[in-house]
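Enquirer: Under my numbering, the first residue of the sequence shown is numbered 31, with each subsequent residue one higher. One structure, pasted below without further comment.
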Amino acid sequence: MKILASDLDGTLYFGDQPDPIRPQDREAIHAFQKAGNAFGICSGRTLAGIHHALDGRDIDLDFYILVSGAALANREGQYLYQHTLSHQLIKAIIEAVDTPDVSVLFCRAEDYYRMKRPRGPDDPANIIQNVMQAPDQPYDSLHFAFAKDDPIIEVYEEKLLRCFKDQIEVHHNVNNLDIAPKGCSKGNAIASLPNYLPVRFEDIYVIGDSYNDISMLASTPNAFTFHSSPDEVKAHAKYLVNSLSEAIEIINRL
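Take a look at the structure:
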């Protein structure tokens, strides 16, 4: 059996398109699974976030790597491991990112909390003005969304790594900073898959498109990215392709 772990946003799922899943990618995934292989997602999103994107899209996942490697779930959505962020730590991190021009979201299961203002009229999150308005409990994820191409994102990435270096990992995802517990990365999650799934490490393949996928791409020699990806991302991939379906075609020949 071969396993393919795919990034979600910008790799499999294109939210700005009428059909966010390319038909040829969907067909390739179905054939890959029908041949006895496993296909899963490796994303910065939570389980609920992946379901929100893929429900009704005719994509059945065999596993979920969540929150940039902080959790792993089986095909039924049952956690095989899960690491979380405390309410106290989330409060301290949010206070460190002291700019009004960033959207802040943190989540636990199906409960979303967004600071200050809604993303839009259909935003499902609970809008709060202060972190203390959210329940004092562990949370699955914390995300900061900055304006497109805003250089301030690098300033806060450096600040968070400096102030919380022993507690968190900061994953730069295009215009977002995704916060995960210390030691959690997509790459570490990929390396641990043989401990949880019946697969040899040499039979694990990965594909991703952006900077937050670098640890995943670097974790295995069987790494794919796109011709359109940033050069720094391409430097960590063995194969350059135009689509997920093209990657699956190559895997089938190996």
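Note that beta-carbon positions come from the ideal geometry of N, C-alpha and C, so glycine has one too.
#1: At a cut of 8 Å, does the region 158-176 reach the region 55-69 through at least three beta carbon pairs?
#2: Alpha carbons only, please: which of Lys268, Asn156, Ile80, Cys193 is nearest the one belonging to Asp107?
#3: Taking the C-alpha atoms as reference points, what is the distance between Asp243 and Ala100?
#4: Where do the ends of the alpha helix (DSSP H) carrying Glu262 lie?
#5: For the 8 Å Cβ check, are there 3 or more pairs between the region 71-91 and the region 177-192?
#6: What are the start and end residues of the beta strand (DSSP E) that includes Phe136?
#7: Give the secondary structure of Gly238 by DSSP, where H, G and I count as helix, E and B as strand, and everything else as coil.
#8: Exposed or buried, what is Tyr226 when buried is set at 16 or more other beta-carbons lying within 10 Å of its beta-carbon?
#9: Within 10 angstroms of the Cβ of Glu199, are there 16 or more other Cβ atoms? Answer buried if so, exposed if not.
#10: Return the first residue and the last residue of the beta strand (DSSP E) that Pro211 is part of.
#11: Determine the DSSP secondary structure at Ala248, reduced to helix, strand or coil.
Expert: In terms of the structure at hand:
#1: no
#2: Position 77 of the sequence shown, counted from the start, is the residue given in the question as residue 107. Here residue 107 turns out to be Gly, not Asp, going by the sequence shown. Closest by alpha carbon: Ile80.
#3: If you number the sequence shown from 1, residue 243 lands on position 213. If you number the sequence shown from 1, residue 100 lands on position 70. So the two alpha carbons sit approximately 14 Å from each other.
#4: Residue mapping note: residue 262 aligns to position 232 of the sequence shown, counting from 1. Element bounds for Glu262: 261-264.
#5: no
#6: Taking the sequence shown and counting its residues from 1, the one referred to as residue 136 is at position 106. 133-138 is the span of the beta strand (DSSP E), which, as asked, contains Phe136.
#7: Here the question's residue 238 lines up with position 208 in the sequence shown. Residue state, collapsed to three classes: coil.
#8: Reading the sequence shown from its first residue, position 196 is the one you call residue 226. Under this definition Tyr226 is an exposed residue.
#9: On the sequence shown, residue 199 is found 169 positions in, with the first residue counted as 1. Buried is the call here.
#10: Your numbering for residue 211 matches position 181 in the sequence shown. First-last of the beta strand (DSSP E) with Pro211: 206-211.
#11: The residue given as residue 248 occupies position 218 in the sequence shown. Three-state result, Ala248: helix.
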